[in-house]
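Visitor: Counting in the UniProt record's numbering, the final residue of the sequence shown is number 292, and the numbers go up one at a time with none missing.
Each residue gets a CB set at the ideal place from its N, CA and C atoms; glycine is no exception.
Just so it is clear, the structure is predicted and the values come from calculations on it, not from any experiment.
Below is one structure. I have some questions about it.
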Amino acid sequence: MTQGLFDEPTPNRVAHTPYSLAFSRNEDYRQVVLLQTGFFAPMMKSLYEAVKSSEAAKGRSAFNLAMETDDPFYAYVSKHPELTKRFGASMRFVSSAEDTSPQFLSDGFDWARLGKAHVVDVGGSMGHVSASLAKTFPLLHFTVQDLPAMVARAKASPSASLSQLEFVEHDFFQPQPEASRQADVFLLRLVLNNWPTSKCREILSQIAAAMKPSAKVVINNFLLHDRGTLGKRTEALERARDLFQMAAMNGMERDVQEWHELIDGVDGLDIEKVVPQVGGKQVLVVARKSAQ
Numbered sequence: 001m002t003q004g005l006f007d008e009p010t011p012n013r014v015a016h017t018p019y020s021l022a023f024s025r026n027e028d029y030r031q032v033v034l035l036q037t038g039f040f041a042p043m044m045k046s047l048y049e050a051v052k053s054s055e056a057a058k059g060r061s062a063f064n065l066a067m068e069t070d071d072p073f074y075a076y077v078s079k080h081p082e083l084t085k086r087f088g089a090s091m092r093f094v095s096s097a098e099d100t101s102p103q104f105l106s107d108g109f110d111w112a113r114l115g116k117a118h119v120v121d122v123g124g125s126m127g128h129v130s131a132s133l134a135k136t137f138p139l140l141h142f143t144v145q146d147l148p149a150m151v152a153r154a155k156a157s158p159s160a161s162l163s164q165l166e167f168v169e170h171d172f173f174q175p176q177p178e179a180s181r182q183a184d185v186f187l188l189r190l191v192l193n194n195w196p197t198s199k200c201r202e203i204l205s206q207i208a209a210a211m212k213p214s215a216k217v218v219i220n221n222f223l224l225h226d227r228g229t230l231g232k233r234t235e236a237l238e239r240a241r242d243l244f245q246m247a248a249m250n251g252m253e254r255d256v257q258e259w260h261e262l263i264d265g266v267d268g269l270d271i272e273k274v275v276p277q278v279g280g281k282q283v284l285v286v287a288r289k290s291a292q
């Protein structure tokens, strides 16, 4: 009641709010809440210690301190089936929310112009974004790459029934598989905010090395807006998300200039355009293979 989870419409009567009703009826939302309270909260508690002790310089985040592990965030998640389940549900829920819907990705890049083409969804989780695009653009074939535990779950999900999708185990810090080297597009959606700039450049360098001359990299992520350009509540939520990325993975949300700087630092890639979502929270970054 004190946090607004439930309501008291009349004295001594308790009623649902939209939040409590969603928690009871929407399994994905329920998993998000459980993930936040049981897993994310201890990380935030350790953030001060991580910053004060310069753990980030050693590649360790507040997450590593809180969970007492040297594993990277996603490697740790992949070793724990319940966390893998909750994280997959969280990704589905986030993607279905209005401000993170893949509709901007669908509308902001000319997928139809590709015709019959191959798209590699790098770090594509349960394949929900590829599935959404596949239904709109039936000539596209998608290879969804992720770590083994996530791929195992994805193959048992509704997305796996689509003939346009295949799921492949892949660590994006390693060279791209031979089968991906003729891909027309490498898609990274809500991936690069999970990593510090140095690691993002490692991921992108592996992709650049595998790209054919005509291929594109399409990045769809949150955009960090300049302070004072959003409403106070929206800005607070955006900055909180940025803080979480730092605590979990030494990652970060990026503004337009930081997206330019990230791509400019990758050998083999040239930035083509950075398109902020008008009135929204997302950004679309398109890069091409550098001319030899």
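#1: Below 6 Å CB to CB, which residues in the same chain sit around Arg181 once its five sequence neighbours on both sides are set aside?
#2: Near Ala149, which residues of its chain fall below 6 Å by C-beta distance, leaving aside the five closest residues on each side in sequence?
#3: When you compare each of Gln206, Ala154, Gln103 to Glu178 by their alpha carbons, which one comes out closest?
#4: Can you give me the start and stop residues for the beta strand (DSSP E) that Val274 sits inside?
#5: Considering only residues of the same chain and omitting the five flanking positions on each side of Gln176, which have a CB-CB separation below 7 Å?
#6: According to the neighbour-count rule (16 or more other Cβ atoms, all chains shown, within 10 Å of its Cβ), is Asp121 buried or exposed?
#7: In chain order, what residues of the same chain lie with their CB nearer than 6 Å to the CB of Gly127, ignoring the 5 residues before and after it?
#8: Does the separation of the CB atoms of Val274 and His260 fall below 9 Å?
#9: The alpha helix (DSSP H) that contains Pro42, what's its start and end?
#10: Report the option in Leu147, Leu162, Ala156 whose CA atom is closest to the CA atom of Phe172.
#11: For the alpha helix (DSSP H) that contains Asn64, what are its first and last residues?
#12: Helix, strand or coil for Phe173? Go by DSSP, reduced to three states.
#13: Tell me, please, which residues DSSP counts as bridged to Lys216.
#14: Let me check understanding here. Comparing Cα to Cα, which of Ser163, Gly4, Phe109, Ser198 lies closest to Val218?
#15: How is the beta strand (DSSP E) around Val191 delimited, first residue to last?
#16: In terms of alpha-carbon separation, which member of Val94, Asp70, Phe137, Glu68 lies closest to Asp107?
Guide: The short version:
#1: Ala210
#2: Excluding residues within five positions, the ones whose Cβ falls inside 6 Å are Ser78, Thr84.
#3: Gln206
#4: 269–276
#5: Gln206, Ile207, Ala210
#6: buried
#7: Taking Gly127 as the centre and dropping the five residues before and after it, the same chain places the C-beta of Val144, Ala154, Ser159, Leu165 closer than 6 Å to its C-beta, in chain order.
#8: A distance below 9 Å separates the beta carbons of Val274 and His260.
#9: 41–45
#10: Leu147
#11: Per DSSP, the unbroken alpha helix (DSSP H) holding Asn64 starts and ends at 62–67.
#12: Correct three-state label for Phe173: coil.
#13: In DSSP, Lys216 forms a bridge with Val185, Arg288.
#14: Phe109
#15: It is not in any beta strand (DSSP E) - Val191 carries neither H nor E in the DSSP assignment.
#16: Phe137
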